[in-house]
DNA sequence: CATGTCACG
DNA sequence: ACGTACGTGACATGA
């Protein structure tokens with residue numbers, strides 16, 4: 058931190074520098090003095106604060122021994138709640154809402170390798186830049202808040218979900234996750250050996266060396282040198298070497314088989330086993346992700362640097378990476394996830410009797426769907442029928458087309474259409490809900506979640522059928538994905554409240570869309586389990602209560 | 001910086 | 001004839 062800027066009145070702002078140390082920098086107040094004077098104000102919950110992305114400011118202040126309190130408004134979140142589509146950074150907001158082009162950081166610091174850090178920037182340049190941030194933020198707040206206040210649903214989303222969540226996420230990020238770097242390093246070594254072997258086999262099969270990671274070189278070898286017929290093409294019209302294509306070719310050729318294995322292992326190594334250890338913070342010994350609260354249009358969070366929401370799970374080798382997410386001595390990893398949350402939401406939103414029946418009687422929902430669609434008794438559903446029903450259920454959540462289902466199940470389009478028709482015959486409430494949703498979306502120009510969150514669909518009445526249909530699929534998907542996001546966010550807030558009040562020796566360490574991960578004192582695990590199930594399943598009341606499944610283990614893999 | 005690919009829910 | 005399942009982030013390549 059090199060200084061602090063403030064504004065208490067639109068059009069006026071101040072910058073208090075304390076760390077600029079370029080050659081010839083003027084004398085400044087000391088950091089100790091400035092932060093010492095500010096600390097009581099920043100920590101006073103009655104002194105209300107407005108900021109842009111205050112989760113970040115709170116982190117910086119926390120690292121300087123100040124606990125920011127009185128967080129009342131955040132312009133980034135106000136903008137996100139008003140319209141979740143698009144960017145919510147200050148520069149974009151100033152441009153759209155105030156018709157004001159802000160001073161860009163590049164303009165005062167330069168760019169590239171020679172870019173200056175803020176302490177190296179002359180006060181004559183630094184002060185207007187920093188003060189502008191404060192002024193713009195206050196002005197944006199006044200504008201965005203007055204817009205927000207016209208929509209009581211959105212005020213609720215802001216005040217009851219996004220604003221309290223900001224501080225919860227700050228604590229989760231600050232806690233971080235403990236990662237066993239030694240275990241990952243060992244996996245990297247083993248992967249390196251296997252990758253080298255696969256590379257040599259690939260060279261032998263190709264008859265020469267090449268870069269296995271280059272889709273371009275690979276496509277040349279497969280489709281030109283070896284004359285293999287081209288399957289799918291990419292968006293730009295070049296022959297695709299995507300997994301799906303290689304999978305198909307692997308029936309008849311050896312090289313694609315080797316490449317698939319190479320791709321799988323290379324991904325694990327470069328993205329996870331090599332990278333995660335480098336991301337461990339040397340002072341905490343943990344990885345600290347950033348949860349982005351204003352990125353996903355549906356209301357979900359996203360995770361970055363590192364992304365902890367895409368740690369492998371689907372393959373055995375992948376799961377070894379989860380084993381490196383461990384509990385500290387005396388603690389256990391507890392993972393609590395919502396079971397079939399989006400389908401349960403669909404049952405609630407549609408009010409479909411058959412679907413509600415399946416959930417309230419705790420049936421295997423995919424099996425129940427199969428029994429209905431294929432007209433067989435529950436206990437005679439084959440594994441193949443269940444697999445098809447599962448694809449149908451996912452398809453429904455995604456705003457399915459016969460084309461998409463056919464491709465997923467590798468069946469003909471008319472057969473896929475038959476399945477869809479049968480489904481809607483058996484679950485007429487779902488069809489009614491889908492039709493209503495499309496209609497409502499077309500009338501209003503947006504769809505809503507149970508929590509009151511909105512997703513605008515500017516292309517819902519587009520004359521281009523492709524665009525319009527894409528918007529219709531979003532209209533179907535967003536209320537379910539977004540309601541699931543509302544539910545887990547509310548759960549996080551109440552769980553955090555319980556933990557903050559000293560409820561249990563436990564810390565929340567991750568959120569993965571329908572799952573919360575904790576580290577819990579070993580002796581407290583059973584008490585914790587009961588509480589977490591109660592808090593998560595009552596986060597929002599549905600006609601089929603959310604079912605929460607809890608796992609416990611020494612690491613994240615074991616906790617599943 | 002665009003592209004292709006692939007990890008997750 | 002075309003091209004579509006929804007939502008993300010990160011990596012390597014190559015211009």
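Numbering (this note's numbering), first residue to last: 58 to 617. Don't be surprised by glycine CBs; every beta carbon is placed ideally from N, CA and C.
Whose C-alpha, out of the options, is nearest the C-alpha of residue i?
i: residue 389; options: 179, 542, 486, 607; result: 607
i: residue 104; options: 434, 110, 129, 93; result: 129
i: residue 423; options: 449, 214, 74, 272; result: 449
i: residue 540; options: 502, 186, 398; result: 398
i: residue 222; options: 613, 565, 585, 270; result: 565
i: residue 603; options: 590, 613, 154; result: 590
i: residue 195; options: 299, 227, 147, 290; result: 147
i: residue 68; options: 260, 317, 189; result: 189
i: residue 483; options: 419, 414, 537, 499; result: 414
i: residue 588; options: 614, 567, 554; result: 554
i: residue 198; options: 132, 158, 237, 157; result: 132
i: residue 310; options: 343, 259, 350; result: 259
i: residue 240; options: 362, 334, 532, 572; result: 334
i: residue 185; options: 94, 164, 169, 168; result: 164
i: residue 552; options: 595, 266, 521; result: 595
i: residue 160; options: 347, 183, 179, 451; result: 183
CA-CA distance, residue i and residue j?
i: residue 121; j: residue 89; result: 10 Å
i: residue 134; j: residue 119; result: 21 Å
i: residue 438; j: residue 301; result: 28 Å
i: residue 569; j: residue 547; result: 14 Å
i: residue 297; j: residue 273; result: 9 Å
i: residue 634; j: residue 110; result: Lying outside 58 to 617, the shown extent of the chain, residue 634 is not represented and no answer is given.
i: residue 562; j: residue 581; result: 7 Å
i: residue 528; j: residue 477; result: 20 Å
i: residue 251; j: residue 320; result: 12 Å
i: residue 328; j: residue 412; result: 40 Å
i: residue 496; j: residue 357; result: 24 Å
i: residue 409; j: residue 597; result: 19 Å
i: residue 574; j: residue 567; result: 5 Å
i: residue 175; j: residue 99; result: 22 Å
i: residue 257; j: residue 367; result: 30 Å
i: residue 305; j: residue 531; result: 30 Å
Cutting at 8 Å between CB atoms, please list the residues of its own chain near residue i, excluding the five before and the five after it.
i: residue 231; result: 116, 119, 345
i: residue 611; result: 383, 384, 389, 390
For residue i, I'd like the list of residues in its chain whose CB is within less than 6 Å of its CB, leaving aside the five on either flank, ordered along the chain.
i: residue 172; result: 166
How about residue i and residue j: are their beta carbons less than 7 Å apart?
i: residue 81; j: residue 59; result: no
i: residue 212; j: residue 404; result: no
i: residue 72; j: residue 87; result: no
i: residue 263; j: residue 278; result: yes
i: residue 391; j: residue 577; result: yes
i: residue 481; j: residue 470; result: no
i: residue 155; j: residue 136; result: no
i: residue 377; j: residue 613; result: no
i: residue 579; j: residue 387; result: yes
Buried or exposed: where does residue i fall if 16 or more other Cβ atoms within 10 Å of its Cβ makes it buried?
i: residue 268; result: exposed
i: residue 473; result: buried
i: residue 430; result: buried
i: residue 445; result: buried
i: residue 523; result: exposed
i: residue 534; result: buried
i: residue 433; result: exposed
i: residue 271; result: exposed
i: residue 557; result: exposed
i: residue 394; result: buried
i: residue 515; result: exposed
i: residue 142; result: exposed
i: residue 370; result: exposed
i: residue 315; result: buried
i: residue 313; result: buried
i: residue 84; result: exposed
Looking only at its chain, what residues have a beta carbon closer than 7 Å to the beta carbon of residue i, apart from the 5 residues adjacent to it on each side?
i: residue 127; result: 101, 102, 103, 104, 105, 106
i: residue 352; result: 359
i: residue 139; result: 201, 204, 205, 211
i: residue 191; result: 62, 63, 64, 70
i: residue 509; result: 210, 211, 213, 214
Using 6 Å as the cut-off, classify the Cβ of residue i as near or not near the heavy atoms of the ligand GDP, replying yes or no.
i: residue 306; result: What this structure holds is no ligand at all, so the ligand GDP is not there to describe.
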